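Structure record follows, encoded as C-alpha cells.
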Amino acid sequence: MNEQRDNVWHGVAIITGASSGIGEAIVKKLAPSATGLVIAARRMERLTSLAKSLGNHVIPVECDVQKKDDVERVIQTAIDRFGRVDTLVNNAGIAPMASMLRGRIEDWENTIDTNVKGVLYGISSVLPHMLKQKTGRIITISSEAGRRVFPGSAVYCASKHAVRVIGEGLQFDLSARSQKDGNDIKVSTILPGYVLTDLPESVTFEPARDEFRKNMQSVDGPMMGSDIADCIQFILNAPQHVEIGEMIVRPVKQNM
Ligand code: NDP
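Numbering-wise, the sequence shown is residues 332 to 587 according to this note's numbering.
Below, the structure is given as C-alpha cells:
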C-alpha cells in the first residue's frame, strides 16, 4: 500500500522510461523505501545493471510503451511478483523536435505513440488493479511544453498538453467514483522545465537536436533528474486526503 512511515513512502511502484535521465533518478530515489519496483524501458542492459545495483526487489522489464501488450506485461509483472501496484509513474517520452513545415510525419507518429498512447496504455493497464484495491497513485511527467507552445516543437507540445489534460480528466472521473466507493486513487502531473538529461538524443533532425542540447546546457544552475524525483516523493508523501494535481518546476535561472 502507498503508506508513509517516518515521512517516507513505502509501496510497489512501476516506472517507465527508467533506463536514463529522470526515470533512472526516480528509481534510485524510491528504491530504498519501496516494497517492490518494476522498471521498464527498451534498453534492457541499462535496466538490468540499475536493478542489480539496487536489490532483488527491483525488477527490470523490457517494454516499448508504443505496444499495449508490452505495457500490460509490465503491470502484470508487478501483480505477479508483489501482489499489487500502488504507484505508476508514466515517464517514458521522446522529443523529436522540428518545424512542422518539414513534414516529418514519422517523428509526429512516434511522438504521439510514445508520449500520448504510451501514457494511455499505462493508465488502462493499471486502473483495473487500482480500482480493485481502491487506492493508487498515477503520476505522469508532462512538461512546461504541456502549458506553453515553443517554436519548432508543435507536436511535442501537443503531446505534453494531451497528457496533462488526460490527467485532469481522469482525476474528475475518479473523484466522481470515489464519492460512491471511497477509493483514494490520486492523479498527478509534473511539468518540468529543462532537466539535464539525454532527451535531446531523441531528436532525429540534427539541427534541432543541436539547438535543443545547446539550450538545455545553457541553463545556469540546471535541474537534474533527482530534482524531479524529489517532486515524486513530495507527491507520494502528501496526506491521504490531499491530491497534488499539477506541479510546475523549472530552474530558477531558466529564461526561455
Ligand atoms: P531521457 O532520454 O534521458 O529518458 C527518456 C526515457 O524514456 C528513457 O529511459 C527511454 O528508454 C524511455 N523511452 C523512450 N521511448 C520509449 C519507448 N517507446 N518505450 C519505452 N521507453 C521509452 O530523457 P528525460 O529523462 O529527460 O525524459 C523523461 C521524461 O521527461 C519524458 O517524458 C520527457 O518528455 C520529460 N521531460 C523532460 C524534460 C527535460 O528537460 N529533460 C523537461 C520536461 C519533460 P529506452 O530508450 O531505453 O526505451
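Built from N, CA and C at the ideal position, the CB exists for glycine as well.
Please read these numbers as outputs of a predicted model, since none were measured by experiment.
- prompt: When DSSP builds the beta bridges, which residues end up paired with Ser519?
  reply: Paired residue(s): Ile470.
task: Compute the distance between the beta-carbons of Gly477 and Asn422, then report whether it is under 7 Å.
output: no
field: Nearest-angstrom beta carbon gap, Gln585 and Gly524 [assumed within contact, 8 Å]
entry: 5 Å
field: Residue environment, Lys517, which counts as buried when at least 16 other CB atoms sit within 10 Å
entry: buried
query: Roughly how many angstroms separate the alpha carbons of Lys448 and Met578, rounded to a whole number?
result: 22 Å
- prompt: Which residues in the same chain have their Cβ closer than 6 Å to the Cβ of Ile575, if we skip the five residues on either side of it in sequence?
  reply: Ser519, Ile566 and Ala569
message: With the cut-off set at 7 Å, would you say Arg435 and Ala429 are in Cβ contact?
response: yes
- request: Pull up the distance between the alpha-carbon of Ile497 and that of Ser350, whole angstroms please.
  value: For Ile497 and Ser350, the distance between alpha carbons rounds to 25 Å.
query: From the DSSP output, which residues share a beta bridge with His341?
result: Glu334
message: Just verifying my parser: in three-state terms, what is the DSSP assignment at Leu368?
response: strand
- prompt: Is there contact here, the stretch 400-416 with the stretch 453-470, by at least three beta-carbon pairs under 8 Å?
  reply: yes
- prompt: Among all the DSSP beta bridges, which residues are the ones paired with Ile406?
  reply: DSSP output for Ile406 lists no bridge partner at all.
- request: Spatial neighbours of Ala344 within its chain, please: CB distance less than 7 Å, with the 5 preceding and 5 following residues excluded, ordered by chain position.
  value: Here Ala344 has Leu361, Ala365, Leu368, Asp417, Thr418 and Val420 as same chain residues with Cβ atoms under 7 Å from its own Cβ, once five neighbours each way along the sequence are excluded.
CB-CB length for Ala539 against Gly483, believed under 8 Å: With 8 Å as the limit, Ala539 and Gly483 qualify as a contact, their Cβ atoms being about 6 Å apart.
- prompt: Where does Gln548 land, buried or exposed, given buried means 16+ other C-beta within 10 angstroms?
  reply: exposed
- prompt: Does the beta carbon of Leu501 fall short of 6 Å from some heavy atom of ligand 1?
  reply: no
task: Check each candidate in Gly342, Val358 and Leu505 and name the one with the smallest Cα separation from Ala382.
output: Nearest of Gly342, Val358 and Leu505 to Ala382, Cα basis: Val358.
query: How far does the beta strand (DSSP E) with Glu393 in it reach, from first residue to last?
result: Glu393: member of the beta strand (DSSP E) spanning Val389 to Glu393, first to last residue.
field: Extent of the continuous beta strand (DSSP E) to which Met578 belongs
entry: Glu577 to Val580
task: For my contact list, Gln397 and Asp438 are in at a C-beta cut-off of 8 Å; report their separation, rounded to the angstrom.
output: The pair is not a contact, with the Cβ atoms about 13 Å apart (cut-off 8 Å).
message: For a test of the three-state rule: what should DSSP assign to Thr379, helix, strand or coil?
response: helix
query: Helix, strand or coil: how does DSSP classify Leu527 here?
result: Looking at Leu527 - three-state DSSP - the assignment turns out to be coil, as it is neither helix nor strand.
- prompt: Quick one, which of Asp561, Cys562 and Leu527 has its alpha-carbon nearest Asn546's?
  reply: Leu527
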